[in-house]
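Those sequence lines, one after another, are chains A and B. Mapping the first sequence onto numbering that gives the first Met the number 0, position 302 (from 1) lands on 301, and the numbers just tick up by one. Mapping the second sequence onto numbering that gives the first Met the number 0, position 70 (from 1) lands on 69, and the numbers just tick up by one. Built from N, CA and C at the ideal position, the CB exists for glycine as well. Below is one structure, written out as C-alpha cells; comments come after it.
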Amino acid sequence: MSAVHDAGPGTTGRHRVVLTGLGVVSSIGLGVKEFLGGLREGRSGARPITVFDTEGFAHANGCEIVEFDPLDWIRTLDAQHLGRAAQFSAAAARMALEDAGLDAADLRGRRGLISIGTTDGESYDLDQLVEDELKGGAGAFDPVAARRIPAGRLSVAIAQELELADAEAVTVPTACAAGNYAIGYGFDAVRSGEADYAFCGGADAMCRKTFTGFYRLGTIAPERCQPFDADRKGILTGEGAGVLVLERLESALERGATIYAEVLGYGLNCDAHHQVAPNRASVARCMELALDNAGVKPAEVDLISAHGTGTRANDITEAGAIREVFGTPPRTVSMKSMLGHSMGAASALGAIGCALAIANRFIPPTINHVTTDPECDVDCVPNQAVEADLKVVQNNGLAFGGNNAVVLLGRYDRPEEETC
Amino acid sequence: MAAETREERLVVIKEIVCDILEIEEDEVSETSLFKEDHNADSLRAIEILAALEKEFGVVINQAELPRMVNLTGVYEVVSEPAGW
C-alpha cells in the first residue's frame, strides 16, 4: 500500500484524487452545511458595505461577511496577528479538516501541500495603513498590522494553525482565477504522489482599493449581480475563503471518508492579451486544455459553473467561448449572483459549490435573473435550484491579464464490493 | 491659481492627458486623436476622466467617454458639469 507513496520522484504513479473535506467562509453562510443551504435556496449575500467608508460613492453594495468570529475557528494562532483574508483562509482550512474527518496530528507525519489563491492578499490592512499614514505620517503605522501584510501568510497561516510542519505552503497570486490555480497545483502534487494530502483553495477580504478600482472602471452594479441577464450592470465585490481537502482515492477509501467528488483534471493558460479585457479564443483554449487533462469530452460535461461576473464583457466573452468549445452548451450557472465576486476565493467557492452539486444531485441557481441576454444565450438555471444527476462538472475561473484556470470534477461512484 | 480662460484650462488638460498617455506636449494638438494617434486604450481613457474629475472638482458620466477623443472633445465634456 505504501509502495507508491515511498517511491522517489520520477517513479511515482498517477493516483486518482478525490475531495474529502470542504471549508467555507462565505457571505451566504459559514461552513459547508450553511453554504449548501444557501446554494439550494438561492440566498443572496448582497448588502450595504460596512468594512470601509463608502462616502462619495453613488452606490456601495457588496457581499460582505458579517457574522464571522475568527475565535470560533482559530485556536493555535493569535487571530490578531492575521489579516482578515488569512483569518478566512485559516478558518476555512480548520473547517475543511474537521469536515474531512481528519486529525491534524495524523497529518503531521505526512507530506502535505497547502496552496491558497488570492487577488488582494491583505489589501484591507494596506488600506488602513495608508489611511493612518495620511493622517499621521509613516510613523503612525500600526506595526502589528504591518506584519500581517505579506500575502504568503494566507497559506502559511494554515500550516501554523494546523501545525503541519511537513507541508509546502504557497500563496498563488493569480487574481480572480487563483482558487482554481491552487486546486490545480494541489491536484498535481497528490496525483503524482509528491504529497499525501493537500489543502487548496482561495481567500480574499473586501477592501476599498479593489472596490474603488472596479467602481472607476464602471463595473460595479448598483444593487445586485445579474450574470447573463440582458440588464446586467456589473459585479458586486465580495469576500471569503474556500478550502478543499484533496487526497488519494485509496487513502480516502481506506479511512472510509466521505467523497464529495473526484478531481478529474484542470487547465490553465495566460494570454496577457489585455489588462482587463478577456480574450475569447484564449478562454476557449483553456477549457480545451482542462478537458484534455481530465480526459473528458465536451459532451460529457453536465454543468458549467461559469466565471460569470455579471459584467457585459465577461459574460458575452465567456458564453461565446463556451459555445465555441461545446456547441450547444450544458447548463451554465454563476454562483457570483449569490456570492458576489470574492476574487481569489471565487473559483475555490465555485469548485466547492460544484462538488456539493455533484454529491447532492442539484444545480445551484443563477439568482437575480429576469431576461437572458440573447448575446449570452445560456440556460443559467434562473432563480431556482433544480435537481440534476451530475457526472461531470466544469468550474471556470478567468482573471485580469488573461489568467485563466478551469477545473473539472466528476462524481465518484463507489464500486459495490468496496462499500462493504 | 485656478485656470480662468479656455487657453489656461486647455494647458492644464493637456498636461493631464500627456502625463497619462506618456507623450510629449508638442506631440498632441487640440484635434489629434488619443486612441488613433497616441495609442490610448479604454483604461487610459478612464484614467484621464478620473484625473479631470479630481482637477476640476466635477463628476463626469462615463457615458461621455466616446466624446473624449481629443483635447477639444475633453474640453467640451468637462465644460458642461464645470459650467464654463
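Contacts of residue i in chain B (Cβ-Cβ under 7 Å)
i, result
"G217/A", "Q61"
"V275/A", "L42"
Endpoints, the alpha helix (DSSP H) within which residue i is located
i, result
"G135/A", "S122 to G135"
"N359/A", "A345 to N359"
"N313/A", "R311 to F325"
"S28/B", "Neither: S28/B is in no alpha helix (DSSP H) and is coded neither H nor E."
"Q159/A", "R152 to E160"
"T71/B", "L70 to A81"
"V65/A", "It is not in any alpha helix (DSSP H) - V65/A carries neither H nor E in the DSSP assignment."
"E52/B", "S41 to F55"
Sequence-distant residues of its chain with Cβ nearer than 8 Å to residue i (five each side left out)
i, result
"E299/A", "K390 and V391"
"T209/A", "T118, D119, S122, T236 and M342"
"H80/A", "V143, R146 and R147"
C-alpha distance - residue i paired with residue j, whole-angstrom precision
i, j, result
"E253/A", "A104/A", "18 Å"
"V129/A", "G409/A", "45 Å"
"D71/A", "G22/A", "13 Å"
"D431/A", "S114/A", "For chain A, the structure presents residues 0 to 419; residue 431/A sits outside this window and is missing."
"A45/A", "E261/A", "31 Å"
"S346/A", "K34/B", "35 Å"
"N359/A", "V31/A", "12 Å"
"A194/A", "G183/A", "13 Å"
"G100/A", "S25/A", "21 Å"
"A422/A", "Y411/A", "Nothing can be reported for residue 422/A: it is not among the residues displayed for chain A, which extend from 0 to 419."
"N403/A", "G396/A", "6 Å"
"E97/A", "V57/B", "54 Å"
"E63/A", "D291/A", "37 Å"
"A289/A", "M205/A", "30 Å"
"L9/B", "G212/A", "27 Å"
"T370/A", "K335/A", "17 Å"
"A139/A", "Y74/B", "41 Å"
"W83/B", "R284/A", "51 Å"
"D52/A", "R109/A", "45 Å"
"L35/A", "E160/A", "25 Å"
Residues that residue i contacts on chain A, provided the C-beta gap is smaller than 7 Å
i, result
"L70/B", "Residues of chain A passing the Cβ test: none, with the nearest at roughly 22 Å."
"A49/B", "R215"
Chain A residues whose Cβ lies nearer than 9 Å to that of residue i
i, result
"I45/B", "R215, L216 and G217"
Residues near residue i in its chain [Cβ-Cβ closer than 6 Å; skip 5 each side]
i, result
"E48/B", "The sequence shown places Leu at residue 48/B, not Glu. For L48/B, where only same-chain residues beyond five positions count, the Cβ hits under 6 Å are I59."
"E63/B", "V76"
"R93/A", "W72"
"H272/A", "N278 and G401"
"G82/A", "E121, D124 and R147"
Sequence-distant residues of its chain with Cβ nearer than 7 Å to residue i (five each side left out)
i, result
"L153/A", "A84, A85, S88, I115, T117, G120, T170 and A202"
"V385/A", "F361 and I362"
"T383/A", "Rather than Thr, the amino acid found at residue 383/A in this sequence is Gln. Cβ within range, chain order: G41 and P364."
"S281/A", "N268, D270, H272, G401 and N403"
"D5/A", "The pLDDT assigned to D5/A is 40, lower than 50, so where the model puts this residue is not dependable; a value taken from the coordinates is nonetheless given after this. Taken in chain order, the list of residues that qualify is empty."
Boundaries (first-last residue) of the beta strand (DSSP E) holding residue i
i, result
"E261/A", "A260 to C269"
"S503/A", "An answer regarding residue 503/A cannot be provided, because it is not within the stretch 0 to 419 covered by chain A."
"L407/A", "N402 to G409"
"R146/A", "Per DSSP, R146/A belongs to no beta strand (DSSP E); it is in the alpha helix (DSSP H), P142 to R147."
Contained alpha helix (DSSP H) runs [length at least 4] in the region 197–255 of chain A, N- to C-terminal order: Annotation: the region 197–255 of chain A contains the following complete segments of the alpha helix (DSSP H) (minimum length 4 residues), in chain order: 207–215 and 248–253.
Where in the region 271–307 of chain A do unbroken runs of the beta strand (DSSP E), each at least 3 residues long, occur, reported from the N-terminal end onward? 302–304
Please give the ranges of any beta strand (DSSP E) in the region 72–129 of chain A, keeping only runs that are unbroken, at least 3 residues long and fully inside the region. 111–116
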